[in-house]
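From first to last, the protein sequence lines are chains A and B.
The first sequence begins at 1 in the numbering used here and counts up by one.
The second sequence begins at 1001 in the numbering used here and counts up by one.
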Amino acid sequence: MATLAQPVPPPPVIRRRWSAWRRNRAYVVGLTPAAILLALWFVGPALWGFYASFTNRALTGRNARFPEWVGLENYRRLFDDPDLATVFLNSLVFVVGSAMLGQFVLGLALALLLDHAEARGYRLTPLVYGAVLLAWVNPTVIAGFQWVAMFDFYYGSLNQVLTFVGLPRVNWLGEAPMLSVIVVNVWRGTAFAMLIFLGALRTIPTQIYEAARVDGAGAGRRFWDHTLPNLRHIAVLVLLSVTMSTFGTFVLIQTLTNGGPGNQTQVIALYAYETAFRGYEIGYGSTIAVVMLAINVAFATVYLRVSRPKV
Amino acid sequence: MAVRAAPATAVDTRAVPAARTVARRRARPGVVEWVLVHLAFAIVLAFFLAPFLWMGLAAFDPQASAYIRIPERLTLDNFRVVFADYAFGTALKNSLIVSTATMALTVLTVSLAGYSLSRIAIKRKNWISYSILLLQTMPLSATMVPIYGLARELNLRNSYLGLILVHTAIELPFLTWMMKGFFDAVPRYLEEAAWIDGRSKLRAWFEVVLPVARPGIGVAAGLAFLSAWAEVLMVLILVNRDEYLTVPFAFYRAARGEGSYLEVRYELVAAMGVLYVLPVLALFFATRKLMVRGLMGTTRGL
């Protein structure tokens, strides 16, 4: 321990910049592998996509090897694309239905239910909690096929229930495809909102409720006046998070309906994929992807503003 | 003493639930309330568990269909068919190789990057942090077209290396951010003492700091494995040769598409599902508390 006992000599006064670099050198090296991977698979592709959106690059053929610069042609085409309006509308319905209404509201409701049940000490509480989590950690492909079975017209469990109570069968994926994919996405994603809300509910001090109870406020009153205002900030964050993650949903819809029937469940992500890989138009597909990224950056910026993460 | 609002930290979160449970229990639970809560429980359980109930039963049912029924006779034939006729063994092997390697590479990269980000002292440090968070929200489905082009240029299609690299990258932003949090909590005097003892920064990190951050590394490893295990999109665009396909694609084999309608061999899908979900369940429920904390940060679409 001799080294510890000696006083550390004061650092010699040298040019500050140089010493700062020496202090941080090791950390810059430590960040390098991650930076390379991120540049390779995130930043690079985003920039490349931006570039490709100004060309007529194709998947195969002459334009694959020698793409031509077409300027804003692809962006002009966006406005004339008859399918694009449908696709945007579908994305909007899907996001509003499954993220904002579904996951957000159901997540809050489940959090309140579980928080209440936990305080009461009901035995089944952990089971219900686990069931919601189970749907969430389930790989997407399994979720897709499980629900293909649930929705099956002749034998599916949903229609079995309907016939049991005397209602006619519904051709879920054929006649109500958007509703069906929304239900599955809510099933899959609600756990996230629920977990965050549960965490937030636990930080509301009990004294507030006690005081309100003494003042004679009923359960509904206490909820509106105290629970909801305390959740406001976290609610905005949850809303933005689930919106962003739902906006990028691809695999689930692809497994369930593949955008069909017709293009009733075609969302932006699927449309970009179809254009690039089925229509062989990399240039135009990239343009759609750029629009998608722009929308996402807008949401993310608001998210960062609101959450103000500690850096 | 300055009168300031107490920071909402450990004091609040830890003390409150206990105090609350006592306070709430004092109110007498009515029968009506009990019935209502359990009615809600029943609905929630039915909604969330029905698909799993179907899968678990159908996997062992020789005549499985889309509805939930208890098999008249239990069989393992479905599993045998899956391995014999649908190359499920190869798919399982590929998934295992890719996920394990992704896990190793991710843990190495994010523990280095998270520590460096935690300790680096430069002017625009928050810019780095913000851009990492921004990357984290970028939907993969928006960049998959250029990723495909890039992988083709670099000859990384149809290879384990390509899949491993891309799966690692997918998890990097979030896990780096998470590991930074874990390293922020490790007191600096630990490594400073090691430096004074004459260890290099790398050795101090490896021998002194890493052992303290072990729970964080565990979570990062688990999450990296799970995400690579469940990932479909990148495999979809990076692989078109059978010998590199991962498990999700075995599912599509068991389903024949006709227009927008699927004709599915349900008993096979269920058997595959059971095998595919087992490692996830084991990993997740074994480390539930830690994982939940980690997973809450994922905001990317799947």
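All C-beta atoms, glycine included, are put in the ideal place defined by N, C-alpha and C.
Source: prediction; values computed, not measured.
Please compile the residues from chain A whose C-beta is within a distance smaller than 7 Å of the C-beta of residue i.
{"i": "residue 1051 (chain B)", "result": "146, 147, 150"}
{"i": "residue 1176 (chain B)", "result": "34"}
{"i": "residue 1251 (chain B)", "result": "141, 145"}
{"i": "residue 1289 (chain B)", "result": "Correct list: empty, because the minimum Cβ distance to chain A is about 11 Å."}
Taking Cβ positions, are residue i and residue j nearer each other than 7 Å?
{"i": "residue 1232 (chain B)", "j": "residue 184 (chain A)", "result": "no"}
{"i": "residue 150 (chain A)", "j": "residue 1248 (chain B)", "result": "no"}
{"i": "residue 1040 (chain B)", "j": "residue 113 (chain A)", "result": "yes"}
{"i": "residue 191 (chain A)", "j": "residue 136 (chain A)", "result": "yes"}
{"i": "residue 1141 (chain B)", "j": "residue 1180 (chain B)", "result": "no"}
{"i": "residue 58 (chain A)", "j": "residue 243 (chain A)", "result": "no"}
{"i": "residue 1255 (chain B)", "j": "residue 1058 (chain B)", "result": "no"}
{"i": "residue 132 (chain A)", "j": "residue 1284 (chain B)", "result": "no"}
{"i": "residue 94 (chain A)", "j": "residue 291 (chain A)", "result": "no"}
{"i": "residue 74 (chain A)", "j": "residue 53 (chain A)", "result": "yes"}
{"i": "residue 1186 (chain B)", "j": "residue 1212 (chain B)", "result": "yes"}
{"i": "residue 27 (chain A)", "j": "residue 1120 (chain B)", "result": "yes"}
{"i": "residue 87 (chain A)", "j": "residue 271 (chain A)", "result": "yes"}
{"i": "residue 250 (chain A)", "j": "residue 276 (chain A)", "result": "no"}
{"i": "residue 1206 (chain B)", "j": "residue 1114 (chain B)", "result": "no"}
{"i": "residue 103 (chain A)", "j": "residue 186 (chain A)", "result": "yes"}
{"i": "residue 257 (chain A)", "j": "residue 246 (chain A)", "result": "no"}
{"i": "residue 194 (chain A)", "j": "residue 85 (chain A)", "result": "no"}
{"i": "residue 1280 (chain B)", "j": "residue 286 (chain A)", "result": "no"}
Name the two residues that bound the continuous alpha helix (DSSP H) containing residue i.
{"i": "residue 160 (chain A)", "result": "157 to 164"}
{"i": "residue 1272 (chain B)", "result": "1266 to 1286"}
{"i": "residue 91 (chain A)", "result": "82 to 94"}
{"i": "residue 39 (chain A)", "result": "It is not in any alpha helix (DSSP H) - residue 39 (chain A) carries neither H nor E in the DSSP assignment."}
{"i": "residue 1077 (chain B)", "result": "1077 to 1085"}
{"i": "residue 145 (chain A)", "result": "140 to 151"}
{"i": "residue 233 (chain A)", "result": "228 to 247"}
{"i": "residue 60 (chain A)", "result": "Element bounds for residue 60 (chain A): n/a, residue is neither H nor E."}
{"i": "residue 287 (chain A)", "result": "282 to 307"}
{"i": "residue 1179 (chain B)", "result": "1160 to 1184"}
{"i": "residue 1147 (chain B)", "result": "1140 to 1153"}
For residue i, I'd like the list of residues in its chain whose CB is within less than 8 Å of its CB, leaving aside the five on either flank, ordered along the chain.
{"i": "residue 117 (chain A)", "result": "124, 125, 128"}
{"i": "residue 1282 (chain B)", "result": "none"}
{"i": "residue 1195 (chain B)", "result": "1201, 1204"}
{"i": "residue 1100 (chain B)", "result": "1225"}
{"i": "residue 226 (chain A)", "result": "204, 208, 209, 212"}
{"i": "residue 163 (chain A)", "result": "169"}
{"i": "residue 342 (chain A)", "result": "Residue 342 (chain A) falls outside the range modelled here, since chain A spans only 1 to 311, and no answer is possible."}
{"i": "residue 1098 (chain B)", "result": "1160, 1163, 1164, 1167, 1228, 1246"}
{"i": "residue 70 (chain A)", "result": "54, 55, 56, 283"}
Quick check on residue i: does DSSP put it in helix, strand or coil?
{"i": "residue 265 (chain A)", "result": "coil"}
{"i": "residue 125 (chain A)", "result": "helix"}
{"i": "residue 1263 (chain B)", "result": "strand"}
{"i": "residue 1021 (chain B)", "result": "For residue 1021 (chain B), the predicted structure reports a pLDDT of 49, less than 50, and the residue's modelled location is therefore unreliable. The matter cannot be settled from this model."}
{"i": "residue 1255 (chain B)", "result": "strand"}
{"i": "residue 55 (chain A)", "result": "strand"}
{"i": "residue 1026 (chain B)", "result": "Reliability fails at residue 1026 (chain B), whose pLDDT of 48 lies under 50, so the model's placement of it is uncertain and the value that follows must be treated cautiously. Looking at residue 1026 (chain B) - three-state DSSP - the assignment turns out to be helix."}
Keeping to the same chain, check which residues put their C-beta closer than 7 Å to that of residue i; ignore five residues upstream and five downstream.
{"i": "residue 302 (chain A)", "result": "240"}
{"i": "residue 1091 (chain B)", "result": "1245, 1246, 1247, 1249, 1250"}
{"i": "residue 172 (chain A)", "result": "151, 158, 180"}
{"i": "residue 206 (chain A)", "result": "none"}
Give a single yes or no on whether residue i has its beta carbon closer than 6 Å to a heavy atom of the ligand PLP.
{"i": "residue 1143 (chain B)", "result": "Ligands in the displayed structure: none, and consequently the ligand PLP is not present."}
Strictly below 8 Å CB to CB, what residues from chain B border residue i?
{"i": "residue 111 (chain A)", "result": "Within 8 Å Cβ-Cβ: nothing; residue 111 (chain A) doesn't reach chain B, min ~12 Å."}
{"i": "residue 296 (chain A)", "result": "1137, 1138, 1139, 1142"}
{"i": "residue 23 (chain A)", "result": "1121"}
{"i": "residue 285 (chain A)", "result": "1145"}
Taking Cβ-Cβ distances shorter than 8 Å, what residues in chain A pair up with residue i?
{"i": "residue 1056 (chain B)", "result": "Ordered by position in chain A, no residue passes the 8 Å Cβ test against residue 1056 (chain B), which lies about 11 Å from the chain."}
Beta-carbon within less than 6 Å of residue i's beta-carbon, same chain only, minus the 5 sequence neighbours each way: which residues are those?
{"i": "residue 996 (chain B)", "result": "Absent from the model: residue 996 (chain B). The displayed extent of chain B is 1001 to 1302, so no value can be given."}
{"i": "residue 1086 (chain B)", "result": "1250, 1253"}
{"i": "residue 64 (chain A)", "result": "58"}
Who are the neighbours of residue i on chain B, taking C-beta pairs under 7 Å?
{"i": "residue 160 (chain A)", "result": "1067"}
{"i": "residue 292 (chain A)", "result": "1139, 1142"}
List, in chain order, every chain B residue whose beta-carbon is nearer than 9 Å to that of residue i.
{"i": "residue 108 (chain A)", "result": "Within chain B, no residue comes near residue 108 (chain A); the closest Cβ sits about 14 Å away, beyond 9 Å."}
{"i": "residue 280 (chain A)", "result": "Ordered by position in chain B, no residue passes the 9 Å Cβ test against residue 280 (chain A), which lies about 11 Å from the chain."}
{"i": "residue 75 (chain A)", "result": "Those do not exist, as residue 75 (chain A) stays about 16 Å from chain B at its closest Cβ, beyond 9 Å."}
How would you list, in chain order, the residues of chain A whose beta-carbon sits under 9 Å from the beta-carbon of residue i?
{"i": "residue 1109 (chain B)", "result": "33, 34, 37"}
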